[in-house]
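Numbered according to the numbering used here, the sequence shown spans residues 111 to 322.
All C-beta atoms in this analysis are idealised placements derived from N, C-alpha and C, irrespective of residue type, glycine included.
Keep in mind that this is a model prediction, so the values were computed, not measured.
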Amino acid sequence: KGGKGHVVVKFSPQGKVLMTLGKAGVAGASDELFNRPSAVTVAPNGDIYVADGHGGASNARVMKFAKDGKFLKSFGRKGKGRGEFDELHAIALDSQGRVFVGDRGNGMIKIFDGEGNLIDEWKQFGRPSGIFIDAADNIYVTDSQSDAKRNPGFRRGIRVGSAKDGTVRALIPGVGPEPDKESVPEGVAADAQGIIYGAETSAANLLKYVRK
């Protein structure tokens, strides 16, 4: 609205706009437009992967661009089946170039090769709101929505595990009076020392987690 949104913007370290994908304020399903893009990641060769969609009537696909912004391909569609998305909310790459897509609506991470071929689907990390994979292929996944109704048996929190085999090694629980009402970050990242950072949207907080 108002000529804003539906774009992906590349900045220099100094904050200068270097490239814009999409058209500000214009939603669409063509190769040149987005509809509520929710996450982006960049491959070592500069290829850009965009999680295009955020549930509802928005798109439900991953779009791939070359480093100069040229459209290369898209994959995925709205649905509950294999390789389909309900609510995209996160995207990350591992050291092998596999694309990890957080499909929060379907309650799983869907893993593709760089060309969009489905490799696997993981439900053990809950309803993924954010995904970060470090250089050693440790994976950090935030789950800010699981509860007894939407994802029985899963507690909200940040799950830490292996992007290589899907093992979950630890859960950092949220904060709150009871599990189904805990506040949990949606964004997540980790530094070279293993310190984890979580971004809370509702409280507008940045949380820091240090291993004891």
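Subject >> Close Cβ partners of residue 165 (< 6 angstroms) along its chain, the five nearest in sequence each way excluded >> reply: 197, 215, listed in sequence order.
Original post:
Given 8 angstroms as the limit, is there contact between the segment 260–271 and the segment 194–208, that is, 3 or more CB pairs closer than that?
Top reply: By the Cβ criterion, the segment 260–271 is not in contact with the segment 194–208, since fewer than three pairs of Cβ atoms, one from each stretch, lie closer than 8 angstroms.
Original post:
How many whole angstroms separate the CB atoms of residue 162 and residue 169, which I take to be in contact at a CB cut-off of 8 angstroms?
Top reply: The pair is a contact, with the Cβ atoms about 5 angstroms apart (cut-off 8 angstroms).
Original post:
Sorted by chain position, which residues of the same chain lie with C-beta nearer than 8 angstroms to residue 122's C-beta, five sequence neighbours on each side aside?
Top reply: Shown here for residue 122: same chain residues with a beta carbon closer than 8 angstroms to its own, the five before and five after excluded, namely 128 in chain order.
Original post:
DSSP on residue 199, reduced to helix/strand/coil?
Top reply: Here residue 199 sits in strand by DSSP.
Original post:
In terms of alpha-carbon separation, which member of 153, 202, 120, 294 lies closest to residue 75?
Top reply: Summary: the structure shown does not reach residue 75, with the chain confined to residues 111 through 322, and so no result is reported for it.
Original post:
So, helix, strand or coil for residue 296, using DSSP?
Top reply: Residue 296 falls in the coil class under three-state DSSP.
**OP:** State the DSSP-derived secondary structure class of residue 269, mapped to helix, strand or coil.
**Re:** In the structure shown, residue 269 sits in a strand (DSSP, three-state: E or B).
**OP:** Put residue 264 into one of helix, strand or coil per three-state DSSP.
**Re:** Residue 264 falls in the coil class under three-state DSSP.
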